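Peer 1: First to last, the protein sequences are chains A and B. First residue of the first sequence: 1, per UniProt numbering; consecutive thereafter. First residue of the second sequence: 1, per UniProt numbering; consecutive thereafter. C-beta: ideal position from N, C-alpha, C; glycine also. Computed from a predicted model, the values in this text were never measured in an experiment.
Number of protein chains: 2
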Amino acid sequence: MNHSSAEAEPETIEPLRYLKGDAAAIETELLRDYKFGQQQLIELWGQACALAITKAYPLSALSKKQPTVLVICGPDENGSIGLVCARHLRIFLVQDYEPTVYHPKRSSHSLHQDFTIQCEKMDIPFLSYLPTEQVQLINDAYNLVIDAMLGLEADSSNIKEPYSGILVTLKQIKIPIVSVDVPSWDAEEPSQDGINPEVLISLIAPKKCALNFSGKHFLAGRFLPYDIQKKYELNLPDYAGTDCLLEL
Amino acid sequence: MNHSSAEAEPETIEPLRYLKGDAAAIETELLRDYKFGQQQLIELWGQACALAITKAYPLSALSKKQPTVLVICGPDENGSIGLVCARHLRIFLVQDYEPTVYHPKRSSHSLHQDFTIQCEKMDIPFLSYLPTEQVQLINDAYNLVIDAMLGLEADSSNIKEPYSGILVTLKQIKIPIVSVDVPSWDAEEPSQDGINPEVLISLIAPKKCALNFSGKHFLAGRFLPYDIQKKYELNLPDYAGTDCLLEL
Numbered sequence: 001m002n003h004s005s006a007e008a009e010p011e012t013i014e015p016l017r018y019l020k021g022d023a024a025a026i027e028t029e030l031l032r033d034y035k036f037g038q039q040q041l042i043e044l045w046g047q048a049c050a051l052a053i054t055k056a057y058p059l060s061a062l063s064k065k066q067p068t069v070l071v072i073c074g075p076d077e078n079g080s081i082g083l084v085c086a087r088h089l090r091i092f093l094v095q096d097y098e099p100t101v102y103h104p105k106r107s108s109h110s111l112h113q114d115f116t117i118q119c120e121k122m123d124i125p126f127l128s129y130l131p132t133e134q135v136q137l138i139n140d141a142y143n144l145v146i147d148a149m150l151g152l153e154a155d156s157s158n159i160k161e162p163y164s165g166i167l168v169t170l171k172q173i174k175i176p177i178v179s180v181d182v183p184s185w186d187a188e189e190p191s192q193d194g195i196n197p198e199v200l201i202s203l204i205a206p207k208k209c210a211l212n213f214s215g216k217h218f219l220a221g222r223f224l225p226y227d228i229q230k231k232y233e234l235n236l237p238d239y240a241g242t243d244c245l246l247e248l
Numbered sequence: 001m002n003h004s005s006a007e008a009e010p011e012t013i014e015p016l017r018y019l020k021g022d023a024a025a026i027e028t029e030l031l032r033d034y035k036f037g038q039q040q041l042i043e044l045w046g047q048a049c050a051l052a053i054t055k056a057y058p059l060s061a062l063s064k065k066q067p068t069v070l071v072i073c074g075p076d077e078n079g080s081i082g083l084v085c086a087r088h089l090r091i092f093l094v095q096d097y098e099p100t101v102y103h104p105k106r107s108s109h110s111l112h113q114d115f116t117i118q119c120e121k122m123d124i125p126f127l128s129y130l131p132t133e134q135v136q137l138i139n140d141a142y143n144l145v146i147d148a149m150l151g152l153e154a155d156s157s158n159i160k161e162p163y164s165g166i167l168v169t170l171k172q173i174k175i176p177i178v179s180v181d182v183p184s185w186d187a188e189e190p191s192q193d194g195i196n197p198e199v200l201i202s203l204i205a206p207k208k209c210a211l212n213f214s215g216k217h218f219l220a221g222r223f224l225p226y227d228i229q230k231k232y233e234l235n236l237p238d239y240a241g242t243d244c245l246l247e248l
């Protein structure tokens, strides 16, 4: 295996692919053909997101005395990933990150409910409402906001309450935003009037909307089988050592 | 949180607990009360085992030219962890580890079958039989053997074929053995005539049989909620940084 790849050098390096509709097809294939479970994928992604956050915002770099982090979770897969991320943050570094979850709509998926209970049982506080009228309260209370609200499945032209209201709030806050997979509003086209995350954590492969993203950009999802990488011509860069994420 | 723990110093450090019957009770509690899923736990454990193996046996330390590793998987949870471990080894370091799975008895659990398919679809080779009569073949072909055969649920006084035969073989091989959680035969008492692993990866907390273990001993399972750690008085040491395992 090593030999053949050595012989094949020098290779032309194909550019990294930015996914449009294929992201959902890849996930379907992972679940249906590769027999991955949603629980398993969400756990791996959420864990990688927590690691990305510790890399982008090490404790020493946080501006506030308390290492608080607000994780806003939507009702679907993106929100589940946010919940797992909060749990791993809570357990890192001898409890030094202090995640708080805002989870405005409980999901009816049992998997999502299980991830919620795992957080609650870990004594992670849940906000009952977001002070949208007084954005300064959010700026004062947290070092950063993790946007795990809406994923690829969201219809960006028709975002409903409470998420549309939260997005208005997120456009006004001054603390950094970390978006999970896609900034919560549009996976296909970068939007002029959307939120402006400082960090983006792309899962599996970056999406079209990230093409002109100029912030810190991480890629997570190392577990992806080689056949899938090849089939979808993802041209993913090599992850280093045993790392489960890399900075693009 | 930081302040109070600083004020509480100096603390008397209680010794790490070696579990006897409690290990199963902890897992039941994680599944029943904390709503963890078995798939999720097995994924986290298998991933941590793969990381432990890369720490104990970095590629540069392997004696053979090909970085081959034999993973022997039992029919239950331990075997599932072995399958996940093989998959993560396969994906690490740009395919540089070459795991082969020996999985003599297919399980009827759908979860276990899914983990098997994930390995097969990653082009991990499966042995159809183990050359028990010619142990030298194993010594020659692999750098190490990962023993993910039998876990806590096994009755050590009554190990059946094919596992009893494999254990006889493992006692004769010269290459190092890494045991997952418990060396496959006895969780409660260290056995004089058992296999002799060079590395042990304890999950959740070490088991009684590891009390006098003198090899390299890793602990994996950082995700464990603090309330459980407290309730069972595990006195786990602190994991460093964002590591998901530590060496005891």
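(1) Leaving out five residues on either side along the sequence, give the residues of the same chain with a beta carbon under 7 Å from the beta carbon of B:Ala210.
(2) For B:Thr116, count the other beta carbons within 10 Å of its own beta carbon; 16 or more makes it buried, fewer makes it exposed. Which is it?
(3) Output the distance between the C-alpha atoms of A:Tyr163 and B:Lys65, rounded to the nearest integer angstrom.
(4) Candidates A:Leu219, A:Pro225 and A:Cys119: which alpha carbon is nearest B:Asp33's?
(5) Mind checking whether A:Thr242 and B:Leu51 have CB atoms under 9 Å apart?
(6) Could you name each continuous alpha helix (DSSP H) segment of 4 residues or more that falls completely within the segment 37-80 of chain A, going from the start of the chain to the end?
(7) Mark B:Gln136 as exposed unless 16 or more other C-beta atoms lie within 10 angstroms of its C-beta, in which case mark it buried.
(8) Going by DSSP, what residues sit across from A:His109 in a beta bridge?
(9) With respect to the beta strand (DSSP E) encompassing A:Tyr18, which residues constitute its N-terminal and C-terminal limits?
(10) Alpha carbons only, please: which of A:Leu150, A:Pro131, A:Leu16 and A:Gly37 is nearest the one belonging to A:Gln172?
(11) Mind checking A:Ser80: buried by the 16 CB within 10 Å criterion, or exposed?
(12) When DSSP labels each residue in this structure, what does A:Leu248 get in the three-state scheme?
(13) So what's B:Lys160 in DSSP terms, helix, strand or just coil?
(14) Counting only beta-carbon separations shorter than 9 Å, does A:Lys35 have a partner in chain B?
(15) Tell me which residues share the same chain as B:Gly46 and place their Cβ nearer than 6 Å to its Cβ, disregarding the 5 neighbours each side in the sequence.
(16) Exposed or buried, B:Ile175, counting other C-beta atoms within 10 Å across all chains shown (16 or more means buried)?
(17) Compute the Euclidean distance between the alpha carbons of B:Gly21 and B:Arg106, then round it to the nearest angstrom.
(18) Using a Cβ cut-off of 9 Å (strictly closer), state whether B:Leu16 contacts chain A.
(19) Span of the beta strand (DSSP E) holding B:Lys216?
(20) Using the three-state DSSP reduction, which class does B:Phe115 fall into: helix, strand or coil?
(21) Could you tell me the alpha carbon to alpha carbon distance between A:Leu248 and A:Ala220, rounded to whole angstroms?
(22) Starting from residue 250 of chain B, trace the beta strand (DSSP E) in both directions and tell me its first and last residue.
(23) Taking 9 Å as the CB-CB cut-off, is A:Gln77 touching chain B?
(24) State yes or no: is the beta carbon of residue 258 of chain A nearer than 9 Å to at least one beta carbon in chain B?
(25) Is the Cβ of B:Phe115 closer than 9 Å to any Cβ of chain A?
(26) If the cut is a Cβ gap below 9 Å, which residues of chain B does A:Leu242 touch?
(27) Using the DSSP secondary-structure output, state which residues sit across from B:Pro99 in a beta bridge.
(28) Alpha carbon to alpha carbon, how far is A:Ile91 from B:Arg222?
(29) For A:Val178, which of helix, strand or coil comes out of DSSP?
(30) Please report the straight-line C-alpha distance between A:Tyr142 and A:Val69, rounded to a whole angstrom.
(31) Per the DSSP calculation, B:Ile201 is bridged to which residue(s)?
(32) Our contact map puts B:Ile124 next to B:Tyr102 with C-beta atoms below 8 Å; I'd like the distance itself, whole angstroms only.
(33) Could you check if A:Lys207 is buried or exposed, using at least 16 other CB atoms within 10 Å of its CB as the buried criterion?
(34) Assuming B:Asp114 and A:Lys35 form a contact by the criterion Cβ under 8 Å, report the distance between their Cβ atoms to the nearest whole angstrom.
(35) Alpha carbon to alpha carbon, how far is B:Asp96 from A:Asn2? Give it in angstroms, no decimals.
(36) CA-CA distance, B:Gln134 and B:Ala61?
Peer 2: Working from what's here:
(1) Walking along the second sequence from the start, residue 210 of chain B turns up at place 210. So the list reads Tyr18, Leu200, Ser202 and His217, once near-sequence residues are dropped.
(2) Position 116 of the second sequence, counting from 1, holds the residue named residue 116 of chain B. Taking every protein chain shown into account, the CB of B:Thr116 has 16 or more other CB atoms within 10 angstroms, so this residue is buried.
(3) As a position in the first sequence, residue 163 of chain A is number 163, starting the count at 1. As a position in the second sequence, residue 65 of chain B is number 65, starting the count at 1. Straight-line Cα distance between these residues: approximately 56 Å.
(4) Here residue 33 of chain B is taken as the residue at index 33 of the second sequence, counted from 1. Looking only at A:Leu219, A:Pro225 and A:Cys119, the smallest Cα-Cα distance to B:Asp33 is reached by A:Cys119.
(5) Start at 1 with the first residue of the first sequence, and residue 242 of chain A comes out as number 242. Start at 1 with the first residue of the second sequence, and residue 51 of chain B comes out as number 51. Yes, the Cβ-Cβ distance between A:Thr242 and B:Leu51 is below 9 Å.
(6) Counting whole runs of 4 or more residues, the segment 37-80 of chain A contains the alpha helix (DSSP H) stretches 38-56.
(7) Position 136 of the second sequence holds residue 136 of chain B. Counting Cβ neighbours within 10 Å, B:Gln136 comes out exposed, since fewer than 16 surround it.
(8) Taking the first sequence and counting its residues from 1, one reaches residue 109 of chain A at position 109. A:His109 is not bridged to any residue.
(9) By one-based count along the first sequence, residue 18 of chain A stands at place 18. From DSSP, A:Tyr18 is part of no beta strand (DSSP E); its letter is neither H nor E.
(10) In the first sequence, residue 172 of chain A corresponds to position 172, counting from 1. Here the closest residue by C-alpha is A:Pro131.
(11) The sequence position of residue 80 of chain A within the first sequence is 80, counting from 1. A:Ser80 should be labelled buried.
(12) Numbered from its first residue, the first sequence carries residue 248 of chain A at position 248. A:Leu248 falls in the coil class under three-state DSSP.
(13) The count along the second sequence starts at 1 and reaches residue 160 of chain B at position 160. In this structure, B:Lys160 counts as coil in the three-state DSSP scheme.
(14) Locating residue 35 of chain A in the first sequence gives position 35, where the first residue counts as 1. It does; some Cβ of chain B falls within 9 Å.
(15) On the second sequence, residue 46 of chain B is found 46 positions in, with the first residue counted as 1. Excluding positions up to five away in sequence, the list reads Ile81, Val84 and Cys85.
(16) Locating residue 175 of chain B in the second sequence gives position 175, where the first residue counts as 1. Buried is the call here.
(17) Position 21 of the second sequence holds residue 21 of chain B. Position 106 of the second sequence holds residue 106 of chain B. If you take the alpha carbons of B:Gly21 and B:Arg106, they lie about 27 Å apart.
(18) One-based indexing of the second sequence puts residue 16 of chain B at position 16. Chain A contact via Cβ: absent.
(19) Mapped onto the second sequence, residue 216 of chain B falls at position 216. Unbroken beta strand (DSSP E) run through B:Lys216: Lys216 to Ala220.
(20) Sequence index remark: in the second sequence, residue 115 of chain B carries index 115 (1-based). If DSSP states are grouped into helix, strand and coil, B:Phe115 belongs with the helices.
(21) What you label residue 248 of chain A is simply residue 248 of the first sequence in a count that begins at 1. What you label residue 220 of chain A is simply residue 220 of the first sequence in a count that begins at 1. The alpha-carbon atoms of A:Leu248 and A:Ala220 are separated by roughly 10 Å.
(22) Outside the displayed span of chain B (1 to 248) sits residue 250 of chain B, for which this structure offers no information.
(23) Walking along the first sequence from the start, residue 77 of chain A turns up at place 77. The sequence given here has Glu at residue 77 of chain A, not Gln. No, A:Glu77 does not count as interfacial toward chain B.
(24) Given that chain A is displayed from residue 1 to residue 248, the structure contains no residue 258 of chain A and the question cannot be resolved.
(25) Looking up residue 115 of chain B in the second sequence gives position 115. Chain A contact via Cβ: present.
(26) Counted from its first residue, the first sequence places residue 242 of chain A at position 242. At residue 242 of chain A the sequence reads Thr, which differs from the Leu that was named. Here the neighbours are Ala50, Leu51, Thr54, Lys55, His88, Phe92 and Leu93.
(27) For this step, residue 99 of chain B is matched to residue 99 along the second sequence. According to DSSP, B:Pro99 bridges with B:Val69.
(28) In the first sequence, the residue the question calls residue 91 of chain A occupies position 91. In the second sequence, the residue the question calls residue 222 of chain B occupies position 222. If you take the alpha carbons of A:Ile91 and B:Arg222, they lie about 7 Å apart.
(29) Looking up residue 178 of chain A in the first sequence gives position 178. In the structure shown, A:Val178 sits in a strand (DSSP, three-state: E or B).
(30) Start at 1 with the first residue of the first sequence, and residue 142 of chain A comes out as number 142. Start at 1 with the first residue of the first sequence, and residue 69 of chain A comes out as number 69. For A:Tyr142 and A:Val69, the distance between alpha carbons rounds to 5 Å.
(31) Taking the second sequence and counting its residues from 1, the one referred to as residue 201 of chain B is at position 201. According to DSSP, which records beta bridges pairwise, B:Ile201 is partnered with B:Val180 and B:Phe218.
(32) Working through the second sequence from its first residue, we reach residue 124 of chain B at position 124. Working through the second sequence from its first residue, we reach residue 102 of chain B at position 102. Contact doesn't hold; Cβ gap of about 11 Å is too wide.
(33) Taking the first residue of the first sequence as 1, we reach residue 207 of chain A at position 207. So A:Lys207 ends up on the buried side.
(34) Walking along the second sequence from the start, residue 114 of chain B turns up at place 114. Walking along the first sequence from the start, residue 35 of chain A turns up at place 35. Going by Cβ atoms, the distance from B:Asp114 to A:Lys35 rounds to 4 Å, so yes, they are a contact pair.
(35) Within the first sequence, residue 2 of chain A is the residue found at index 2, counting from 1. Within the second sequence, residue 96 of chain B is the residue found at index 96, counting from 1. Legend: pLDDT at A:Asn2 = 42, less than 50; position of this residue unreliable, value from coordinates given subsequently. Approximately 7 Å between the Cα atoms of the pair.
(36) As a working note, residue 134 of chain B is residue 134 in the second sequence. As a working note, residue 61 of chain B is residue 61 in the second sequence. Distance between the alpha carbons of B:Gln134 and B:Ala61 is about 25 Å.
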